[in-house]
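Number of protein chains: 2
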Amino acid sequence: MVVELISVGTELLLGNIVNTNTQFLAEKCALLGLSMYYQTVVGDNHDRLAQTVRTALERSDVVILTGGLGPTEDDMTKEVCAEVMGYPMEEDPHTRERIEEYFRNSAYKVIPDNNWKQAQVPAGARVLDNDNGTAPGLILEKDGKIAVLLPGPPVEMKPMFINQVYPYLQSLQPEVIRSQMIKICGIGESAVEEKLLDLIDGQTNPTIATYAKTGEVHVRVTAKAADEEAARKIMKPVVKEIRRRLGDFVYSTKENETLEMAVVKLLEKYELTATTAESCTGGLLAGRLVNVPGASEIFREGLITYSNKAKRKYLDVSKSTLKKYGAVSEQTAKEMAAGGVFATDSDVCVAVTGLAGPDGGTEEKPVGLVYIATYLKGSVKVESYHFKGDRAKIREQAVVKALDLLRRSILDNYR
Amino acid sequence: MVVELISVGTELLLGNIVNTNTQFLAEKCALLGLSMYYQTVVGDNHDRLAQTVRTALERSDVVILTGGLGPTEDDMTKEVCAEVMGYPMEEDPHTRERIEEYFRNSAYKVIPDNNWKQAQVPAGARVLDNDNGTAPGLILEKDGKIAVLLPGPPVEMKPMFINQVYPYLQSLQPEVIRSQMIKICGIGESAVEEKLLDLIDGQTNPTIATYAKTGEVHVRVTAKAADEEAARKIMKPVVKEIRRRLGDFVYSTKENETLEMAVVKLLEKYELTATTAESCTGGLLAGRLVNVPGASEIFREGLITYSNKAKRKYLDVSKSTLKKYGAVSEQTAKEMAAGGVFATDSDVCVAVTGLAGPDGGTEEKPVGLVYIATYLKGSVKVESYHFKGDRAKIREQAVVKALDLLRRSILDNYR
């Protein structure tokens, strides 16, 4: 089955916003095993939108449109699709009720007149409730072709797609498609591919695909089968073999588990508290740990020691170390990590010191040089990196490597 | 003049990456005053790509393609465009030399054979040097239609577009288009629009457009004129009037100046040092300040006090305040700000305490409730917010409001 995406909105043509809906939908369609050959962005213009929808319905089985379902005159996706597919419009009493309810619970005192437009739907279309706004989604079916209309704001579109459209598309498929994610840190994409090359080349079902993320590699194993159990059975030995080959580089096999979640889970498992001592990352590392709900159980305080004076005051880094080796050095990183543990009475500290640039680099210590250290129960680990990219990119990569060193330090000490 | 974008790449159709190239190019084309009606994504497939290019050249004057210029068999954008527009291929000696040079300066010892494919160009095409990779860009002109071919990686595409394509497209335009950015914080988009409604409705040259960003509003004034000076003259009174109406809500009129840059500039101007005392934002606020190169002049240390114990230990928040009002309260925020100044000997401290969720909210103190306080020369300011969204979104908004409160505190004290 072939699916294609149409994003409707002049704001996309003007470059006011990045089109993240398309990436989200494309990834989910790939997961469903649907083929996709085209994605189009078109503005809020009757003739161009109608022509785009016509072309898409001719060459694809399913067309998913996002945007243009709002209450203003400009919004015309629903009307244009109804026209192209030959549906008359009618008011949907259920949607009218939902709009009334939405406004009752909102700060608005009166319902703007133009919002009633959103209760008009193509007669006989399947209406998708919107739990996060007033525009309902729609599914239109005609002559073996399907149009799925979704609101543009991601906060409305994503849950509607996941909860209502994904199961619908799944039910149209003769086969079940299941996939398993394997998330990896501490090794590059080409090294991962090299370790898995024979598996990647040799497999057609399941397939194995690698994706590079900042400081991470994600491997997705995808199987097609008659039912869920059969799909899982096909994947199992392949996933097991990939995990065996990659060992501790694998930090998670859960779709929604981030690196910081995996780290927090490990800290919780071994009942450890952690702290951070940051120079060039300046709080971003702690900020990512705290992004995990419930992080307060394992993280109580963190220190941002940007100046040398602060490194001495809070972390007791010795004056002679700073003088002899400099703030960006293995020795300083080690003393920062040890000092963090003693200053905060935590079980483990991860410390980062480096040159994020753009200025301040030398031949000996170039911009991008970052030292990361952990101190856990008297054991110190330190690693150095030379990251490429601008200031923001260098700091982002340092945060990922720091989280990963913390993860590996715990594994090495407790397993 | 009508321009249209084609992004070539199966990885986009599979949702492996977000298409940020399109937003970048669309924004720049809008700045150039070009009209855009369509953006298309198509895979590395000869027939579909050729058809897409043909359709685009029929309905638009300029077609900008990104991606598919690499050295592998899959990459065919150049060959397909040459075929559609009737250009024979030939080797470009200058590009061959540049590829040799690129590899001499790289870690690779030998040049992979397939890289020579990148020296093949449509005969007579304008070749655009690639300073960040081996694939040259190309401009093909035929029968009044133009195709611009750019490499897909943003790090190669963006500088090539800015330095070589932007001036080229500008030279095709009969008029000069200039725009002026006005960046605003502390007031919502609809309130900004209300204040500017008569200006927005009344103007056709310059035009005024507003864009909502997280916690910020950007206003762009754009003028068309015969030359640069005339364009600036048209914009000047309008920009002045907008600044007058929005007053201190305007934090910058520079295209590339971020809120944290504006704050660091103010701190530098008044020779102030700043520190941060963070609870729910957990380092993100300091992380954003440190994103400004040279922040070490105004920021030396920051405290992440996630637990009550840490708030007492580092910031001397009183036990009775925490007990009586709770960690998420106006009183705690104020004491955190004051305590930050005394603990670090900085001139000003900005403190954040709030409930980022998803758990821990009550009717009285719901998730999203955040208190932000500043302490500067004995003067305290405190504000409360009730942010919507998930944990990450709540924390992101809190950081923006904290930076803005810091900015306004400095303005109020020093002006």
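In order, the protein sequences belong to chains A and B. For the first sequence, position 107 matches number 107 in this note's numbering, and the numbering has no gaps at all. Take any residue in the second sequence, count from 1 to its spot, add 1000: that is its number in this note's numbering. Even for Gly, the Cβ is constructed at its ideal location relative to N, Cα and C.
Going by the CB atoms, is the gap between residue 1370 of chain B and residue 1342 of chain B shorter than 8 Å?
Going by C-beta atoms, residue 1342 of chain B is not nearer than 8 Å to residue 1370 of chain B.
Residue 416 of chain A bridges to which residues according to DSSP?
Any answer about residue 416 of chain A is impossible in this case: the structure gives chain A only from 1 up to 415.
Going by C-alpha to C-alpha distance, which of B/1055, B/1193, B/1392 sits closest to residue 1358 of chain B?
Among B/1055, B/1193, B/1392, the Cα nearest to that of residue 1358 of chain B belongs to B/1392.
Reducing DSSP to helix, strand and coil, say where residue 1351 of chain B ends up.
In this structure, residue 1351 of chain B counts as strand in the three-state DSSP scheme.
Using a cut-off of 9 Å between C-beta atoms, extract the partners of residue 39 of chain A located in chain B.
Ordered by position in chain B, the residues that pass the 9 Å Cβ test against residue 39 of chain A are 1007, 1012, 1013, 1019, 1039, 1040, 1041, 1042.
Nearest chain B C-beta to residue 111 of chain A closer than 8 Å, yes or no?
Output row for residue 111 of chain A: interface = no.
State the DSSP-derived secondary structure class of residue 320 of chain A, mapped to helix, strand or coil.
Helix, per DSSP.
Just by C-beta distance, which residues in the region 1299 to 1333 of chain B are closer than 8 Å to chain A?
Those residues of the region 1299 to 1333 of chain B that come within reach of chain A (Cβ to Cβ, closer than 8 Å) are 1299, 1300, 1301, 1302, 1303, 1304, 1305, 1306, 1307, 1309, 1310, 1313, 1314.
Could you please tell me which residues of the region 23 to 37 of chain A, in chain order, have their CB closer than 8 Å to any CB of chain B?
Result list: 23, 24, 25, 26, 27, 28, 29, 30, 36, 37.
Name the chain B residues that come within less than 7 Å of residue 296 of chain A, Cβ to Cβ?
In chain order: 1306, 1307.
Hey, residue 149 of chain A and residue 207 of chain A are a contact pair by Cβ (cut 8 Å); roughly how many whole angstroms apart?
Contact doesn't hold; Cβ gap of about 31 Å is too wide.
What ranges does the beta strand (DSSP E) occupy inside the region 361 to 403 of chain A, keeping only unbroken runs of at least 3 residues that lie completely in it?
Listed in chain order, they are 369 to 376, 379 to 386.
Considering only their Cβ atoms, is the gap separating residue 1280 of chain B from residue 1352 of chain B smaller than 8 Å?
Yes, these two residues count as a Cβ contact at 8 Å.
May I have a chain-ordered list of the alpha helix (DSSP H) segments no shorter than 4 residues that lie completely inside the region 1252 to 1304 of chain B?
Complete alpha helix (DSSP H) runs here, min 4: 1259 to 1269, 1284 to 1289.
Does any C-beta atom of chain B lie closer than 8 Å to the C-beta of residue 151 of chain A?
No, its Cβ sits nowhere closer than 8 Å to a Cβ of chain B.
Over the uninterrupted beta strand (DSSP E) stretch that includes residue 1176 of chain B, give me the two end residues.
Residue 1176 of chain B -> beta strand (DSSP E) spans 1176 to 1185.
Between the region 191 to 223 of chain A and chain B, which residues of the former have a C-beta closer than 7 Å to a C-beta of the latter?
From the region 191 to 223 of chain A, only 211 have a Cβ closer than 7 Å to chain B.
Looking at chain A, is there any beta carbon in it that lies within less than 8 Å of the beta carbon of residue 1293 of chain B?
By this cut-off, residue 1293 of chain B is an interface position.
What is the residue span of the alpha helix (DSSP H) that residue 1192 of chain B lies within?
Its alpha helix (DSSP H) spans residues 1189 to 1202.
What residues in the region 1348 to 1359 of chain B have a beta carbon less than 9 Å from any beta carbon of chain A?
Going along the region 1348 to 1359 of chain B in chain order, one finds 1356, 1357, 1358, 1359 with a Cβ nearer than 9 Å to chain A.
Spell out whether any CB of chain B is found under 8 Å from the CB atom of residue 135 of chain A.
For residue 135 of chain A, the answer is no, since every Cβ of chain B falls outside 8 Å of its Cβ.
Below 8 Å on C-beta distance, what does residue 96 of chain A contact in chain B?
Those do not exist, as residue 96 of chain A stays about 25 Å from chain B at its closest Cβ, beyond 8 Å.
Thinking just about the alpha-carbon of each residue, which of A/390, A/16, A/42, A/215 is nearest to the one in residue 1030 of chain B?
Selected option, being the one with the closest Cα: A/16.
What is the rounded straight-line gap between the Cα of residue 1123 of chain B and the Cα of residue 1087 of chain B?
For residue 1123 of chain B and residue 1087 of chain B, the distance between alpha carbons rounds to 6 Å.
Could you tell me which of B/1214, B/1286, B/1063 sits nearest to residue 1084 of chain B, measuring between CA atoms?
Per the Cα distances, B/1063.
Measuring alpha carbon to alpha carbon, tell me which residue in B/1278, B/1262, B/1345, B/1177 is nearest residue 1294 of chain B.
Answer by Cα proximity: B/1262.
Could you tell me the distance, in whole angstroms, from the CA atom of residue 204 of chain A to the CA atom of residue 241 of chain A?
Roughly 16 Å between the two C-alpha positions.
By the three-class DSSP mapping on this structure, what secondary structure does residue 1222 of chain B have?
Of the three classes helix, strand and coil, the one that applies to residue 1222 of chain B here is strand, per DSSP.
Quick check on the DSSP output: the beta strand (DSSP E) that includes residue 1073 of chain B runs from which residue to which?
Careful: residue 1073 of chain B lies outside any beta strand (DSSP E) and carries neither H nor E.
Using a Cβ-Cβ cut-off of less than 7 Å, give me the residues of the region 245 to 262 of chain A that come near chain B, in sequence order.
Listed by position along the chain: nothing, the set is empty.
Looking only at its own chain, which residues have a Cβ that is under 7 Å from the Cβ of residue 155 of chain A, when we skip the five neighbours before and after it?
Here the set comprises 132.
Based on Cα-Cα distance, which residue from A/277, A/411, A/160 lies nearest to residue 327 of chain A?
Cα-wise, what sits closest to residue 327 of chain A is A/277.
Would you check if there are 3 or more beta carbon pairs closer than 8 Å linking the region 1286 to 1293 of chain B to the region 1316 to 1333 of chain B?
Not touching, per the Cβ criterion.
Compute the distance between the beta-carbons of residue 13 of chain A and residue 1036 of chain B, then report whether it is under 8 Å.
Their beta carbons are under 8 Å apart, which means residue 13 of chain A touches residue 1036 of chain B by this criterion.
Taking only three categories from DSSP, how would you classify residue 1211 of chain B?
Residue 1211 of chain B falls in the strand class under three-state DSSP.
So, does the CB of residue 1374 of chain B fall closer than 8 Å to a CB anywhere in chain A?
No, residue 1374 of chain B lies away from the interface with chain A (no Cβ there is under 8 Å from its Cβ).
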